[in-house]
Amino acid sequence: MASDFSDDDMPLSRPNGRLSAATVSKSDQAMDASSKGGLPAPVSIRNGPVNEDNAMDVDGQHLNGLVKRKSRTSNVSYKDESDSDDAPIAKRQRKSSGIAEGAGLPPKPTKADLIDSDSDDDKPLTAKLAQKKKDIEVAAAREARAKRKSIKDESDSDAPLAAPKKRQSNGVAKSNGVKKDPDSDSDAPLKKQPAKKVAKPAPATKGKTATPAKKTPAKNVVKKAASSKAASEDVEDEDEAERWWDKPMIEDDGIKWQTLEHNGVMFPPAYELLPKNVRLIYDGTPVMLQPEAEEVASFYGAMLDSQHASNPVFQKNFFEDFRGVLAEHGGAKDKQGNKVNIKDFDKCDFKPIFDYYKAKSEAKKTRTKEEKKAEKEKKDKEEEPFKFCVWNGRKEKVGNFRIEPPSLFRGRGEHPKTGRLKLRVEPEQVTINIGKGAKVPEPPAGHKWKAVKHDQNASWLAMWQENINGNYKYVMTGADSSTKGQSDFKKFEKARSLKKYIDRIRRDYNKDLKSSVMGDRQRATAIYLIDKLALRAGNEKDTENEAETVGCCSLKYQHITLREPQTVIFDFLGKDSIRYYDEVEVEKQVFKNIRLFKKPPKGEGDDIFDRLTTSSLNKHLNGYMPGLTAKVFRTYNASWTMSRLLKELKFPPNATIADKMVEYTKANREVAILCNHKRTVGANHAVAMEKMGDRIKGIKFQIWRHKLMLLNLDPKLKKKRGADYFALEEELNNNEWVQEHINFLVEDQRTKITKKFENDNKKRVENKEKPFPEKELKERLKAADDLGKERRKEWKSKKVEAEGKGPTVAKIDAKIEKLENSLNQAERKMETQEDNKEVALGTSKINYIDPRLSVVFCKKFDVPINKVFSKTLEAKFEWAIKSVDENWEF
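Residue numbers are given in UniProt numbering: position 377 of the sequence shown equals residue 377, and the series is strictly consecutive.
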């Protein structure tokens, strides 16, 4: 293939790879003329598995499977990860636009995928969402123009309005360079731009946001502590803590702190040996292991009933590492001291180990309240020194201060290293970051730290490298700390600033979709996919044997299949090794471009965007707005879409909180769908739906009983209200179901009676009284049996005696109304749960939707904040809750 590049310019990751031509040929450009119009906005049209009939791409190639590729080891980096979109609050829930390992074929479309539940017609949801997405984009462009027009002083602008100029060399744009820097991090910020002084914002009531606080003055800085309790003593009173969101924004010079004190990290306890009667059995023979090998065997034995333990890849990796530890520590011996060569996994019996840990787990569940309290107090006392740090004289919570214990690596999705041994982290591997002059934490006795740093540009307190993927682990401040809050604030403010330039960015990349320069055309197509489909930018892998997880810029030939007229089928491993599968109708020009990027002689293993890197992409975007990178589009699109949907919400005066939350959840769901935030259906979803269905039937049955009570009080009501009012729904008019329901009511009553009996006896023992005898329980349980007899009699006679003190028609009607409200809420909850089964609402709400939008919703419609945010999220987003009122706008 003709190319303007020498062998020296070939990509480092694939020196023999095939490249696209430097410029687009005239014949290919001629085909661009027919690319007019197209879909208003790309939306997923996933319709199930790709087969031989529909998966043939335009080049006649079938959809290829995923292939592994060789990568390089990473270099040590002290990258600050505090401003990551993708950082979890604690352990992040599993979420993905893909299919979990072992899930088989891609899932069929759900009702939520195909039909709008709020509409009476059969118009596909994809068409509705496409038009809605187009309307939102038009509104975004209109507001961007208005926003720029309102900026009178250039010093208030966050970025130049003009698109970046292309530097030409021999008639070919610089952006046409070959992919040279595969080690670039798609989420890493570019080289810091010169800081701009930001004007003090208007009050929040005028739609403006609050800003971070100034650095703490030196006079407020805590003096050096005299003991190891420095991190929890001599700090500012929490009641006097600064409301940093009410302070003017300061210039970002890269310095994160002036003073920093903490007590280091907490190491996991040492391994506790198994009892002598608990052994690994090999080929029928109990064997004795050295503590190091026994610990590894116990890791597998303890999780014998998990799905991981039955995974062949997990088993293979575990056994290889287990044998390595055996060889290093003297192998295995039988009771007579003879060596036992453990070489066959199938001959290993871990059941005794599993039974031992299972029994310990069951015993733990039976602990008394006092025992649990004592254990908690002991745990809290051990953790207390590590829970807080002193950051610029301010007491802040530390997030993950515990060193991860050794274990077997689980991984997510189809990770090739699942089952590998995660080694115990020693102090000699840990680097401490602390202020100069502060007391350095003491390492465990007999150990020393790897290094002690005083890096004020880093926001981590400690770090180490794990052995599985060679990744660096960082101890950071907690999710609800002011430092994390300021990081989140800056992230959402950056996305908020993007709305001033989004129309120009979209106009430019739509123009470049037909560029004669291949590099520009590839870049424009990539930005289109990132903007419209919420794809991550992607990056080459650093670690050898790591799972081939990719994003937009690192997509390979086999990851995309084209189907005429303009459907693109994506199938690759995304973040966390979760399979991403989707079928999307795109604009015709984008379809033609991808076909061009796959043009022969390209084949499996070749890059789609071979003349584009995440670094060059982010550098281009930075020309529109300082700090703008590909990942900002995900945050912007989610927040902007949510803001438009919430503005459309209107409720009648009698709307309940439940009614309002249903609409909020619908808006959240639409954001997740439009941004492709999907997940696999949970394993317990069907069971949960069945239980909810039974509860709904039970409420309906209760309503029917109360209506019969009305007839018991006034038989004439049957004529007044009509026979249909008193009829039982057909789905419940089933003797088998009614008998099962009555049995359930009886068992539920027996459980409640038994629990109350146990609690009564417990109180009597505490009061030093004689407990009730067992015959007392038997007497009480007769009430449950009587309930069953009464319900069966009612069902047979279809007559129910009115219940309650002084029952009247009005009282029974009020009870029916209350039950009908409960029924309505239960049905809505079930419908919402069914609609959300394939949508990752948490991904959008926690990481991508500006939390201030949720706060505005709550304040505007009088919804308690705990209906939207859990306690953890309330603490994390305290800055959002306290910084805006109902008039704030994104």
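Beta carbons: idealized from backbone N, C-alpha and C, even for Gly.
task = Reducing DSSP to helix, strand and coil, say where Tyr357 ends up.
result = Counted from its first residue, the sequence shown places residue 357 at position 357. Of the three classes helix, strand and coil, the one that applies to Tyr357 here is helix, per DSSP.
task = Compute the Euclidean distance between the alpha carbons of Phe291 and Ala451, then round it to the nearest angstrom.
result = Taking the sequence shown and counting its residues from 1, the one referred to as residue 291 is at position 291. Taking the sequence shown and counting its residues from 1, the one referred to as residue 451 is at position 451. First, the residue type needs correcting, since residue 291 is Pro and not Phe in the sequence shown. Straight-line measurement puts the Cα of Ala451 at about 29 Å from the Cα of Pro291.
ask   = For Arg69, which three-state DSSP category applies?
value = Indexing the sequence shown from 1 puts residue 69 at position 69. Confidence is the limiting factor: at Arg69 the pLDDT is only 37, short of 50, which leaves the residue's position unreliable, though a coordinate-based value still follows. The answer is coil: DSSP assigns Arg69 none of H, G, I, E or B.
Own chain residues within Cβ distance below 7 Å of Ala537, not counting five before or after = Taking the sequence shown and counting its residues from 1, the one referred to as residue 537 is at position 537. Result list for Ala537: Ser186, Ile530, Gly551, Cys552, Cys553, Thr614, Leu617, Ala630, Lys631, in chain order.
task = Return the CA-CA distance between Leu423 and Pro405, expressed in angstroms with no decimal places.
result = To locate residue 423, count along the sequence shown from 1; it is residue 423. To locate residue 405, count along the sequence shown from 1; it is residue 405. Leu423 and Pro405: Cα-Cα distance of roughly 8 Å.
inquiry  = Just to confirm before moving on: does the CB-CB distance between Arg828 and Val671 stay below 8 Å?
reply    = The count along the sequence shown starts at 1 and reaches residue 828 at position 828. The count along the sequence shown starts at 1 and reaches residue 671 at position 671. Result no, Cβ atoms of Arg828 and Val671 do not sit closer than 8 Å.
ask   = Taking Cβ positions, are Leu513 and Gln589 nearer each other than 8 Å?
value = Taking the first residue of the sequence shown as 1, we reach residue 513 at position 513. Taking the first residue of the sequence shown as 1, we reach residue 589 at position 589. Yes; because the gap between Cβ atoms is below 8 Å, this pair is in contact.
ask   = Pick from Val884, Leu596, Trp704: whose alpha carbon is nearest that of Met31?
value = As a position in the sequence shown, residue 31 is number 31, starting the count at 1. Closest option to Met31, Cα to Cα, is Leu596.
inquiry  = Restricting to runs no shorter than 3 residues, where is the beta strand (DSSP E) found entirely within the stretch 466 to 531?
reply    = 472 to 475
Straight-line gap, Ala438 to Glu261 (C-alpha atoms, nearest Å) = As a working mapping, residue 438 is identified with position 438 in the sequence shown. As a working mapping, residue 261 is identified with position 261 in the sequence shown. Each residue's Cα considered, the two are about 6 Å apart.
ask   = Excluding the five sequence neighbours on either side, which residues of its own chain have a C-beta within less than 6 Å of the C-beta of Asp4, listed in chain order?
value = On the sequence shown, position 4 is the one that residue 4 refers to. Confidence at Asp4 is low in this model, with a pLDDT of 37, below 50, so the placement of that residue should be treated as unreliable; the coordinate-derived value is given next. In its chain, beyond the 5 residues on either side, Ala22 have a beta carbon closer than 6 Å to the beta carbon of Asp4.
inquiry  = Once DSSP output is grouped into helix, strand and coil, what is the label at Asp349?
reply    = Position 349 of the sequence shown, counted from the start, is the residue given in the question as residue 349. DSSP, read as helix, strand or coil, puts Asp349 in strand.
Whole-Å CB distance - Tyr848 paired with Ala638, under 8 Å assumed = Position 848 of the sequence shown, counted from the start, is the residue given in the question as residue 848. Position 638 of the sequence shown, counted from the start, is the residue given in the question as residue 638. Yes, Tyr848 and Ala638 are in contact; Cβ-Cβ is about 4 Å, under 8 Å.
request  = Return the bridge partner residues of Ile560 from the DSSP annotation.
outcome  = Here residue 560 is taken as the residue at index 560 of the sequence shown, counted from 1. Looking at the DSSP assignment, Ile560 forms a beta bridge with Phe570.
ask   = For Arg402 versus Met266, is the C-beta spacing smaller than 8 Å?
value = Counting from 1 along the sequence shown, the entry for residue 402 is found at position 402. Counting from 1 along the sequence shown, the entry for residue 266 is found at position 266. Between Arg402 and Met266, the C-beta gap is smaller than 8 Å, which places the two residues in contact.
key: Beta carbon of Pro807 nearer than 8 Å to that of Leu713   = What you label residue 807 is simply residue 807 of the sequence shown in a count that begins at 1. What you label residue 713 is simply residue 713 of the sequence shown in a count that begins at 1. Against a cut-off of 8 Å, the Cβ pair of Leu713 and Pro807 comes out as a contact.
ask   = If you follow the alpha helix (DSSP H) that Thr614 is part of, which residue opens it and which one closes it?
value = On the sequence shown, residue 614 is found 614 positions in, with the first residue counted as 1. From DSSP, the alpha helix (DSSP H) with Thr614 extends over 614 to 622.
key: Residues bridged to Ala332 [DSSP beta-bridge criterion]   = Taking the sequence shown and counting its residues from 1, one reaches residue 332 at position 332. Paired residues: Leu289, Val340.
Of the listed residues Arg852, Ile846, Glu382, Lys448, nearest to Ser643 (C-alpha basis) = Residue 643 sits at position 643 when you count from the first residue of the sequence shown. Nearest option by C-alpha distance: Arg852.
ask   = DSSP three-state call for Leu628: helix, strand or coil?
value = For the purposes of this step, residue 628 is taken as residue 628 along the sequence shown, with counting starting at 1. DSSP places Leu628 in the coil class of the three-state scheme, outside both helix and strand.
query = Which value, in whole angstroms, describes the spacing of the CA atoms of Asn263 and Ser487?
reply = As a working note, residue 263 is residue 263 in the sequence shown. As a working note, residue 487 is residue 487 in the sequence shown. Distance between the alpha carbons of Asn263 and Ser487: 23 Å.
key: Any beta strand (DSSP E) of 3 or more consecutive residues that is wholly inside the stretch 402 to 446   = 431 to 433
inquiry  = Less than 8 Å between C-beta atoms, sequence neighbours within five positions excluded: which residues of the same chain meet that for Asn54?
reply    = Taking the sequence shown and counting its residues from 1, one reaches residue 54 at position 54. Note that Asn54 scores a pLDDT of 38, beneath 50, so its modelled location is shaky; the value from the coordinates is reported in the next line. Cβ neighbours of Asn54 beyond the five flanking positions: Arg563.
key: Supposed contact pair Arg780 and Pro771 - C-beta distance, whole angstroms, cut 8 Å   = On the sequence shown, residue 771 is found 771 positions in, with the first residue counted as 1. On the sequence shown, residue 780 is found 780 positions in, with the first residue counted as 1. In fact, because the Cβ distance is near 14 Å, the residues do not count as touching under 8 Å.
task = Can you say whether His706 is buried or exposed, counting buried as having 16 or more other CB atoms within 10 angstroms of its CB?
result = Along the sequence shown, read from residue 1 onward, the residue named residue 706 stands at position 706. Buried is the call here.
query = Can you name the start and end residues of the beta strand (DSSP E) that Leu819 belongs to?
reply = As a first step, residue 819 must be located in the sequence shown, where it is residue number 819. Leu819 -> not in any beta strand (DSSP E); alpha helix (DSSP H) instead, spanning 809 to 835.
query = If you pair each beta-carbon of the stretch 271 to 283 with each one of the stretch 294 to 302, do three or more pairs fall below 8 Å?
reply = Because the criterion of three Cβ pairs below 8 Å is met, the stretch 271 to 283 and the stretch 294 to 302 touch.
request  = Would you tell me roughly how many angstroms separate the C-alpha atoms of Val746 and Asp786, rounded to the nearest one?
outcome  = Residue 746 sits at position 746 when you count from the first residue of the sequence shown. Residue 786 sits at position 786 when you count from the first residue of the sequence shown. Cα to Cα, Val746 sits roughly 9 Å from Asp786.
query = Where does Cys553 fall in DSSP's three states?
reply = Within the sequence shown, the letter at position 553 stands for residue 553. Cys553: coil per DSSP, three-state reduction.
query = How many Å lie between Pro248 and Lys882 at the Cα?
reply = For this step, residue 248 is matched to residue 248 along the sequence shown. For this step, residue 882 is matched to residue 882 along the sequence shown. Cα-Cα distance, rounded: 16 Å.
task = Please look up how many angstroms separate the CB atoms of Tyr528 and Tyr509, rounded, as I've assumed it's under 8 Å.
result = Reading the sequence shown from its first residue, position 528 is the one you call residue 528. Reading the sequence shown from its first residue, position 509 is the one you call residue 509. The pair is a contact, with the Cβ atoms about 6 Å apart (cut-off 8 Å).
Simplified DSSP assignment, three categories, for Tyr282 = Start at 1 with the first residue of the sequence shown, and residue 282 comes out as number 282. Reduced to three states, the DSSP call for Tyr282 is strand.
ask   = Does the separation of the CB atoms of Lys387 and Val398 fall below 8 Å?
value = The sequence position of residue 387 within the sequence shown is 387, counting from 1. The sequence position of residue 398 within the sequence shown is 398, counting from 1. In contact: Lys387 and Val398 (Cβ atoms closer than 8 Å).
task = Kindly list the residues whose CB is nearer than 7 Å to the CB of Ala462, restricted to its own chain and excluding five residues on each side of it in sequence; keep chain order.
result = In the sequence shown, counting from the first residue as 1, residue 462 sits at position 462. Excluding positions up to five away in sequence, the list reads Gly264, Val265, Val430, Thr431, Ile432, Asn433, Val475.
request  = Might you give, ordered along the chain, the residues of its own chain that have their beta carbon closer than 6 Å to the beta carbon of Val313, omitting 5 neighbours on each side?
outcome  = Position 313 of the sequence shown, counted from the start, is the residue given in the question as residue 313. Thr418.
inquiry  = Once the 5 residues before and after Ile703 are set aside, which same chain residues still bring their CB inside 8 Å of it?
reply    = Position 703 of the sequence shown holds residue 703. Answer for Ile703: Ile816, Leu819, Glu820, Leu823, listed in chain order.
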